[in-house]
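Chemist: Going letter by letter, the sequence shown gives residues 1 to 169 in this note's numbering.
All C-beta atoms in this analysis are idealised placements derived from N, C-alpha and C, irrespective of residue type, glycine included.
Everything numeric in this text was worked out from a predicted model, so none of it was measured.
Okay, handing you the structure first.
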Amino acid sequence: MPIILDDEAAQVAFGESLGRALAGRGQVHLIGDLGAGKTTLARGIVRAYGHIGAVKSPTYTLVEPYETEAARIFHFDLYRLGDPEELEFIGARDMLGGDGLCLIEWPSRGAGWLPIPDLEIHLRVVAGGRQALGVAHSQQGHAALAKLPADLRASVSHEESVSHKEDEC
């Protein structure tokens, strides 16, 4: 069953909880239409590791790195990616294969190149806010969902396969 996030503050708080549960490692795909709250959720995740500056969508730069004492985070936005092979040219293989946490918006644009994520978070706009649904694809992803506070865990855990299209939840 998905969780309803009433406002931006709830999205950021959910992101912070998820960030703490991820322990600074893995790959998370943030999936949803334009305006669904992918970057807002990423902001919460990044803030969970002590980053206090702005967290904006790296739409034009493709990736924005964040270095904190607690984690190394790479926030990708593949919306403007012309070809998945462009990821090779920006050094994404090293970022994805390292010890950090990779947050990837619009992962379908990197299809065939990106590895299967540890966790997908599907977001969509609904009456009264945003709906979030978590899908774990690895032991690490399942562990992160299990570490969420009980009230969130019961709402967001979902183990069935979900389509990788951005506009489906």
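1) Report the option in V46, G50, G141 whose CA atom is closest to the CA atom of E64.
2) Sort out for me which residues DSSP pairs I52 with in a bridge.
3) Who are the near neighbours of H142 in its chain, counting only those whose CB is closer than 7 Å to its CB and skipping five residues on each side?
4) Should V126 be labelled buried (16 or more other beta-carbon atoms within 10 Å of its own) or exposed?
5) Would you mind reading off the limits of the beta strand (DSSP E) that contains G26?
6) Starting from L145, follow the alpha helix (DSSP H) in both directions and report where the run begins and ends.
7) Does the count of Cβ pairs from the region 81-93 and the region 15-31 closer than 8 Å reach three?
8) Can you give the beta carbon distance from L78 to I104, rounded, assuming they're within the 8 Å contact cut?
9) Can the beta-carbon of L190 be found closer than 8 Å to that of A36?
10) Can you tell me whether DSSP reads R80 as helix, strand or coil?
11) Helix, strand or coil for L22 per DSSP?
12) Have a look at L5 and G128 and give me their C-alpha separation to the nearest angstrom.
13) Among L148, G24, A42, I121, whose alpha-carbon lies nearest the alpha-carbon of G98?
14) Roughly how many angstroms separate the alpha carbons of T39 and D94, rounded to a whole number?
15) What whole-angstrom Cβ distance do L101 and G53 have, given they're in contact under 8 Å?
16) Rounded to whole angstroms, what's the CA-CA distance from E67 to P2? Just pull it up for me.
17) Check L114 in the structure and name its three-state DSSP category.
Modeler: In terms of the structure at hand:
1) Translated into the one-based positions of the sequence shown, residue 64 becomes position 64. When each option's Cα is compared against that of E64, the closest is V46.
2) As a position in the sequence shown, residue 52 is number 52, starting the count at 1. I52 pairs with nothing; no bridge assigned.
3) Reading the sequence shown from its first residue, position 142 is the one you call residue 142. Excluding sequence neighbours, H142 sits near A136.
4) Here residue 126 corresponds to residue number 126 of the sequence shown, with the count starting at 1. Classification of V126: exposed, given that the 10 Å Cβ count is below 16.
5) The residue you call residue 26 lines up with position 26 of the sequence shown. Taken as a continuous stretch (DSSP letters only), the beta strand (DSSP E) holding G26 covers 26-31.
6) Position 145 of the sequence shown, counted from the first residue, corresponds to residue 145. From DSSP, the alpha helix (DSSP H) with L145 extends over 139-147.
7) no
8) Here residue 78 corresponds to residue number 78 of the sequence shown, with the count starting at 1. Here residue 104 corresponds to residue number 104 of the sequence shown, with the count starting at 1. Contact holds; Cβ gap of about 7 Å.
9) Shown here, the chain extends from 1 to 169; a query on residue 190 therefore has no answer.
10) Taking the sequence shown and counting its residues from 1, one reaches residue 80 at position 80. Coil, per DSSP.
11) Numbered from its first residue, the sequence shown carries residue 22 at position 22. Helix, per DSSP.
12) By 1-based counting over the sequence shown, the position of residue 5 is 5. By 1-based counting over the sequence shown, the position of residue 128 is 128. Answer to the nearest angstrom: the Cα atoms are 8 Å apart.
13) Looking up residue 98 in the sequence shown gives position 98. With distances taken between Cα atoms, G98 lies closest to G24.
14) Here residue 39 is taken as the residue at index 39 of the sequence shown, counted from 1. Here residue 94 is taken as the residue at index 94 of the sequence shown, counted from 1. Cα to Cα, the separation comes out at about 23 Å.
15) Position 101 of the sequence shown, counted from the start, is the residue given in the question as residue 101. Position 53 of the sequence shown, counted from the start, is the residue given in the question as residue 53. L101 to G53, Cβ: 17 Å. No contact.
16) One-based indexing of the sequence shown puts residue 67 at position 67. One-based indexing of the sequence shown puts residue 2 at position 2. Using only the alpha carbons, I get a separation of about 31 Å.
17) Counting from 1 along the sequence shown, the entry for residue 114 is found at position 114. Three-state DSSP puts L114 in coil, outside helix and strand.
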